[in-house]
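Comments concern the structure below.
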Amino acid sequence: MRILGIDPGLQVCGYACLDAELGAEKLVEAGVIRTERDDGLEQRLNRIAEDAESLLSSFAPDVVAVEQLYSHYAHPRTAILMGHARGVILQKCAEATIEVRSFSATRIKKSITGNGRASKEQVQRTIQTVLNLSELPEPNDVADAIAAAMCCANSLQALGKRY
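Shown next as structure tokens:
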């Protein structure tokens, strides 16, 4: 089963493609989509949509794993902007008829480390160990995308879905 994890953001979106077989995951590719801070919102969203479409076409995932929106009361604007990016990604998945699974940040962390309140560093180190990576996955957006994809693989395995 091929899983594309995406960590949505307006300035930086992390992505990671995993191949999952019988409980073992292999990282195919990971990276970021960047937008220009000086561009208008509509141009930035269009860039994210075009790049998401390209990723879906290139990797042909069976499922896309995306982190759910979380809004901290002190920073509601951040969640709104992230929601715009997440929306165009979800639309591109729908257009390509690819299943989307959404996971909360705490569920992702718990799935990866066993602790829903794990630090970014704990998540990165666990990913490095499980996927046998020579270096920590960076930046955080890439690590978050890998973690979302791994959480999805764990979830599908727990549901008894065959890969």
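The numbers in the sequence shown follow the working numbering, run straight up by one, and end at 309.
By construction, the Cβ of each residue, glycine as well, lies at the ideal position given by its N, Cα and C atoms.
Residue 273 by DSSP, collapsed to three states: which one? Working through the sequence shown from its first residue, we reach residue 273 at position 127. Helix at residue 273.
Residue 247: first and last residue of the uninterrupted beta strand (DSSP E) it sits in: For the purposes of this step, residue 247 is identified with residue 101 of the sequence shown, where counting begins at 1. Its beta strand (DSSP E) spans residues 245-249.
Where do the ends of the alpha helix (DSSP H) carrying residue 223 lie? Residue numbering aside, residue 223 sits at position 77 when the sequence shown is read from its first letter. Counting along the chain, the alpha helix (DSSP H) containing residue 223 begins and ends at 222-241.
Quick check on residue 160: buried or exposed, where buried means 16 or more other Cβ atoms within 10 Å of its Cβ? Here residue 160 is taken as the residue at index 14 of the sequence shown, counted from 1. With 16 or more other Cβ atoms within 10 Å, it is buried.
Would you call the segment 152-166 in contact with the segment 277-296, where contact means no fewer than 3 C-beta pairs closer than 8 Å? yes
Report all residues from its chain with a CB closer than 8 Å to the CB of residue 253; omit the five preceding and five following residues, and keep chain order. If you number the sequence shown from 1, residue 253 lands on position 107. Once the five neighbours on either side are set aside, the close Cβ partners of residue 253 are 262, 297.
Can you tell me whether residue 180 is helix, strand or coil according to DSSP? Within the sequence shown, residue 180 is the residue found at index 34, counting from 1. Reduced to three states, the DSSP call for residue 180 is strand.
Residues in the same chain with beta-carbon distance under 8 Å from residue 285, minus the five sequence neighbours each way, listed in chain order, please. Numbered from its first residue, the sequence shown carries residue 285 at position 139. Once the five neighbours on either side are set aside, the close Cβ partners of residue 285 are 158, 160, 178.
At least three beta-carbon pairs within less than 8 Å, the segment 185-196 to the segment 233-244: yes
Which of the three DSSP states is assigned to residue 165 in this structure? Taking the first residue of the sequence shown as position 1, residue 165 is located at position 19. Three-state DSSP puts residue 165 in a strand.
In three-state DSSP terms, what is residue 208? Position 62 of the sequence shown, counting from 1, holds the residue named residue 208. Of the three classes helix, strand and coil, the one that applies to residue 208 here is coil, per DSSP.
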